[in-house]
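K.L.:
One structure, as structure tokens, below. Some questions next.
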Amino acid sequence: MSTLRITRRYLRWRNGIALSIVLAAAVTAMWVTMIGRDTVATRNQNTASVDTVLLSLSELSMAFQELRISPSSQRAVNSRAHVRRAAHAAKEAADTISSEATLKTFSPEGQGILRRDAMNPMLELEDVLFLASVAVDPRRSQNDVTRAAGMAGDLAMRLLPIFNRIKQAELAAAQEAADKQVTYGIIALFITVLGIGLATRFVHVPMERFVIRAQSEIERNRRKAEAASEAKSMFLATMSHEIRTPLNGVLGLADVLKDTRLDSDQARMVSMIQSSGQALLQLINDVLDLAKIEAGKIDLNLEDFDVHDLCQETAELFSGQAAKKGVTLTVHAAPTVEGWHVRSAPQALRQVLANLVGNAVKFTEQGAIEVHLEDITTQNGEERRLRIAVKDDGIGIALSALERIFDQFEQADSSTTTEFGGTGLGLSIVQRMSEALEGQIHVESTLGEGAEFVLEVPVGRAVPVVVETKTTEVASFDKRVLVADDNRVNQLVARKIVESLGCEVALASNGHEAVDMAAKWSPDIVLMDVRMPLMDGLQATRVIRADQAGQDTSVPIVGLSANALAEHREEAEQAGMSGYLQKPVTRAALITELLRHFPDATTDTRRNDTCAG
Amino acid sequence: MRGMIKGLMATATAVVGSLVATALAGEGNLWFYAWNNTIPLEVVQEFGERHGTTLVVDTFMVADEAEARLAAGRSGYDLAVVPVEMLPRLVSIDALHKFDPEERAQLNGSHPRLMDRLSEAVPMASDYAVPFLWGTTGVMVDIDDVLERVPETALNSWDLVFNPEYAEALSDCGITIVDAVQEVVAVALNYLGRDPNSMAEDDLDVAFDLLARIMPYVRTIDGSQQEQVLQNEACLALTWSSDALAPQSLLGRDEIRYFVPQEGTVLWADVLVWPNESGHFEHSHVLLKYLNEPGVLAKISQFSLALTDIPTTHEAMQSLDLDVLEQIAPKQRREQLFMLTPRTGEEKRILDRRWRRMQLGL
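Chains as they are written, first to last, in the working numbering: chain A, 221 to 833; chain B, 56 to 417.
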């Protein structure tokens, strides 16, 4: 974020400089051009003023001449008028020229003449105008008029070449200014080009480099982050596999142990082993889920299912805990026209709901927890939308915590962990799952007054089917089962479960043995661990399938693996496995799998733990 | 007008083309700016014959006219004649070139006494000027007319001009004064016993006061005194020796005389100057050399009735009546002759304005 700010500031600053340089260049160019223009304009104006003086002086000398020759004639009246008019024009022009502001604008040569001491044209012009005023004064004697006109005429004549010289100087300066204008134009162009050059050299090029460098750095970091993320996912997947394997043993054996004859203390301890193991498993599953989500590998297997049943099943999972705390846990389904049979990803949905209900139970000490299922499909909506709300009377969430409770490893406050336990991953998973389902999750809560988590999710329309529930409660098999697993504990777990179902069991420790046994012993089904030394389960499966090629029937091979990623399941199928069980393998899951392969073995008789053969 | 007017000899703006094109051919005319009626036609013609080009003589009648023309610049004159006291003003506005001292030395065998006075009055003359013609300022009279009205006068004093009684008596036959304010004020101050070159306020007041008193009886103030006296429009003129001597010397009009008043008067000097931005460098040198040739100078001296400063020309000047020479600067009055101190532009303007206002009775 701060890097971004720095980048923005850098770019703005640089851009500002570039624009300033170009702007300054343009303004300077304009200014340079204006100087030239002003000079030419000034010259023209000055020349015009001097021209007026010249014209007036000419008129004056002619009028003075007439006055001198015949001061009292009829024509003299006219001459006086000429003198007055010309003197007025000359006076105005002279006033303009003699003002310091104008004087400054004359060419150096013009100024030299206008300011000089000897034969100063402006001062002499003053005298001409003074004499003119005498010459036209009607109170003056004829003699005075003659004399004044004579003197003024002589003086005016003398001034003509001087003013003409000033005019020549101004014209020459104007010509020079016009020539300079071209130079100014070239200078202006040069300044502009220089400005652009400077901006390019010192701003745009470095800026370009900076942006490219920044981009490549971003790209590098992105790759690094991706690699790190991948490594993390790999690590988590591996770790969870490594933990699941022994956990499989613990839980499996506890499961088996529970069915043996135990006194009450032992039974309680086994139960505690089971619940602790389950808690650990849950944690591992959570971490793995999150890893899967982050790696973009959420397993969204779309199926048709009854969402109301799903809600109830999930609630039932927690009903025991709730009952212990004296909290009522109920599921309410609003009436719906289309029924609750939908097409979606039940695993994901179940996971979301389980997390929400689990949390509700965890944080509610008394009162009620209600799961509301509602069909919020709009009337003209193409897709169905469901709203599942989990409302509790628990401790609630502080306003300040609401925003971050969906973040990883975040709980409402740090004391929560101490008091209630948990990883802080649940809601994060919930949110990611919801997003994966294209739904939205949000929460409303007041501290101390409970919370309501609401999931709104689109679902597909399912093909209505009559669901036949199968019982797995009681089953008996008379089958030859080959268990291939390199881990002795896992071998034992599998063997115990299968034996308890009445089957005959043979063991193999690696792929080679499994292939041999499959050929020699002719099992009815093979439980094949995927990861084994010498030859792994996948390879062994391929070999067995190759051996059996051409036979009418092929033996079902069920893969067993602690590896929970979906791609492993696909890999197993490609190798020729007929099923895939995730470790730790439970008795129930194994029975279900066996029933899938041998549906006829189902009996509705009472449970029979002994093997028929 | 320094010179003379005579129908046969009138050479105003003499332009004589030569048929023989030689040295200066193809470079256009040569221009010379001088007082009216000072350069004889034969001098002009001879130059044309010798150099195969035309010498154009442009003229002026009042010094101020020349000053204005030269001050305007780009006059195009290769050489010009001006009163020496004008020199500093023209130099101050950068209107003149300096002469090469070596070239100038070759030209000048100046009359020591006159040259000393010239350098004393205008130091920069040695750089910018080549002495040309000399003369005095005095009184020109039509003896018959004057003596008829003022019988008691001895025709030797400025009284005849500055005494209002005489002026009044002479007003009917005409008084004319040369339009040269500095000279007129100087002789007035000198007449009043004051420093002729003073610019002190009270001195000027007194001088202009004196002039104002005779002003009602003055007919004209201009540059054509000779013409007015010859045509009987005036019987008394305050003017230059060169102007005043012509009628008697050249026309034989004995009744028209010139005298240098005993109180003393102005010794004037006209000098050759080299206007800035003149046409051709070479022209100026050729013309300068030509005008300073003893023979040429003698002709000019005789024609203009002014003194030249080169002793070697005296022989050539034998035709110039010694009496005339004596009239220009009488031996017994040479000590009373003074030269004008140059005036700055500002001082000149003060004088000009008072001069004009005085003429209008203001």
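Just so you know, even glycine gets a beta-carbon here, dropped at the ideal spot from N, CA and C.
If you're wondering where the values come from, they're calculated on a predicted model, not measured in any experiment.
Between Ala292(B) and the rest of its own chain, which residues show a CB-CB distance below 6 Å, the 5 nearest in sequence each way excluded?
P.N.:
For Ala292(B), where only same-chain residues beyond five positions count, the Cβ hits under 6 Å are Met195, Thr231, Gln280 and Val284.
K.L.:
List the residues that DSSP assigns as beta-bridge partners of Phe87(B).
P.N.:
Beta-bridge pairing links Phe87(B) to Val112(B) and Leu134(B).
K.L.:
So, with DSSP's three-state summary, where would you put Thr823(A)?
P.N.:
Residue placement at Thr823(A) is flagged as unreliable, the pLDDT there being 49, under the threshold of 50; a coordinate-derived value is accordingly withheld.
K.L.:
Determine the contact status of Gly131(B) and Trp90(B), defining contact as a CB-CB distance below 7 Å.
P.N.:
The answer is no: Cβ separation not under 7 Å.
K.L.:
Leaving out five residues before and five after Tyr221(B) in sequence, what residues of the same chain have Cβ atoms less than 6 Å from its Cβ?
P.N.:
So the list reads Val205 and Leu215, once near-sequence residues are dropped.
K.L.:
May I ask you to list the residues that DSSP assigns as paired with Gln176(A)?
P.N.:
Residue 176(A) falls outside the range modelled here, since chain A spans only 221 to 833, and no answer is possible.
K.L.:
For the segment 157 to 211 of chain B, which segments carrying the beta strand (DSSP E) assignment without a break, of at least 3 residues, lie completely within its bounds, in sequence order?
P.N.:
With a minimum length of 3 residues, the continuous beta strand (DSSP E) runs that stay inside the segment 157 to 211 of chain B are 185 to 197.
K.L.:
Excluding five sequence neighbours on each side, which residues of the same chain lie with their C-beta closer than 6 Å to the C-beta of Arg408(B)?
P.N.:
Hits under 6 Å: none found.
K.L.:
For the candidate residues Lys611(A), Ile596(A), Ala682(A) and Ser496(A), whose alpha-carbon lies nearest to that of Thr550(A)?
P.N.:
If we check each option's Cα against that of Thr550(A), Lys611(A) comes out closest.
K.L.:
Once the 5 residues before and after Gln532(A) are set aside, which same chain residues still bring their CB inside 6 Å of it?
P.N.:
Excluding positions up to five away in sequence, the list reads Val551.
K.L.:
Find the residues of chain A that neighbour Ala126(B), judging by a C-beta separation of less than 7 Å, and give them in chain order.
P.N.:
Per Cβ cutoff of 7 Å: Ala338, Met339 and Ile382.
K.L.:
Could you check what DSSP says for Ala553(A) in three-state terms: helix, strand or coil?
P.N.:
In the structure shown, Ala553(A) sits in a strand (DSSP, three-state: E or B).
K.L.:
So what's Arg411(B) in DSSP terms, helix, strand or just coil?
P.N.:
Arg411(B) falls in the helix class under three-state DSSP.
K.L.:
What residues match up with His561(A) in a beta bridge as DSSP calls it?
P.N.:
According to DSSP, which records beta bridges pairwise, His561(A) is partnered with Asp526(A).
K.L.:
With DSSP as the reference, label Trp295(B) as helix, strand or coil.
P.N.:
Correct three-state label for Trp295(B): strand.
K.L.:
So, is the C-beta of Asp364(A) closer than 7 Å to a C-beta in chain B?
P.N.:
Taking Cβ atoms only, chain B reaches closer than 7 Å to Asp364(A), which makes this a yes.
K.L.:
Of all Cβ atoms in chain A, is any one closer than 7 Å to the Cβ of Ser297(B)?
P.N.:
For Ser297(B), the answer is no, since every Cβ of chain A falls outside 7 Å of its Cβ.
K.L.:
Tell me the DSSP bridge mates of His152(B)?
P.N.:
His152(B) is not bridged to any residue.
K.L.:
How is Met270(B) classed by DSSP in three states: helix, strand or coil?
P.N.:
Reduced to three states, the DSSP call for Met270(B) is helix.
K.L.:
Count the CB pairs spanning the segment 90 to 101 of chain B and the segment 348 to 365 of chain A that are closer than 8 Å, and state whether there are at least three.
P.N.:
At 8 Å Cβ cutoff, the stretches do not touch.
K.L.:
At least one CB of chain B closer than 7 Å to the CB of Val273(A): is that the case?
P.N.:
By this cut-off, Val273(A) is not an interface position.
K.L.:
Starting from the beta carbon of Ser147(B), find every residue of chain A whose beta carbon is closer than 8 Å, and list them in chain order.
P.N.:
Going along chain A in sequence order, the residues near Ser147(B) (Cβ under 8 Å) are Arg336, Asp337 and Ala338.
K.L.:
Within the same chain, show all residues whose beta-carbon is closer than 6 Å to that of Phe525(A), passing over the 5 residues directly before and after it, in chain order.
P.N.:
Pro566.
K.L.:
I need the straight-line Cα distance from Met427(A) to Gly417(A), nearest angstrom please.
P.N.:
Roughly 14 Å separates the two Cα atoms.
K.L.:
Report the partner residues of Glu590(A) according to the DSSP bridge assignment.
P.N.:
Paired residue(s): Thr550(A) and Lys611(A).
K.L.:
Sorted by chain position, which residues of the same chain lie with C-beta nearer than 6 Å to Tyr88(B)'s C-beta, five sequence neighbours on each side aside?
P.N.:
Cβ neighbours of Tyr88(B) beyond the five flanking positions: Asp113, Tyr132 and Ala135.
K.L.:
Under 7 Å Cβ to Cβ from Leu151(B), same chain only, skipping five residues before and after it: list those, please.
P.N.:
Answer for Leu151(B): Leu145, Tyr183, Val328, Trp329, Pro330 and Asn331, listed in chain order.
K.L.:
By the 10 Å Cβ neighbour count, where 16 or more other Cβ atoms means buried, how is His338(B) classified, buried or exposed?
P.N.:
So His338(B) counts as buried.
K.L.:
Step through the CB atoms of chain B and report whether any lies within less than 7 Å of the CB of Val848(A).
P.N.:
The displayed coordinates of chain A run from 221 to 833. Any statement about residue 848(A) would go beyond what the structure contains.
K.L.:
Could you tell me the distance, in whole angstroms, from the CA atom of Leu471(A) to the CA atom of Arg440(A)?
P.N.:
So the two alpha carbons sit approximately 45 Å from each other.
K.L.:
Taking 7 Å as the cut-off, decide whether the C-beta atoms of Val177(B) and Leu142(B) are in contact.
P.N.:
Contact flag set, yes.
K.L.:
What residues from chain B crowd round Arg385(A), counting only those whose CB sits closer than 7 Å?
P.N.:
Under the 7 Å cutoff, chain B gives Ala127, Gly128 and Arg129.
K.L.:
Output yes if chain A places a C-beta closer than 7 Å to the C-beta of Arg144(B); else output no.
P.N.:
Judged by the 7 Å Cβ criterion, Arg144(B) is in contact with chain A.
K.L.:
Could you list which residues in chain A have their beta carbon closer than 9 Å to that of Asp119(B), in chain order?
P.N.:
Going along chain A in sequence order, the residues near Asp119(B) (Cβ under 9 Å) are Met339, Asp374, Leu375 and Arg378.
K.L.:
Please report the Cβ distance between Thr208(B) and Val315(B), rounded to the nearest whole angstrom; I am assuming they are in contact, meaning their Cβ atoms lie under 8 Å.
P.N.:
That belief does not hold up - the Cβ atoms of Thr208(B) and Val315(B) are roughly 15 Å apart, past 8 Å.
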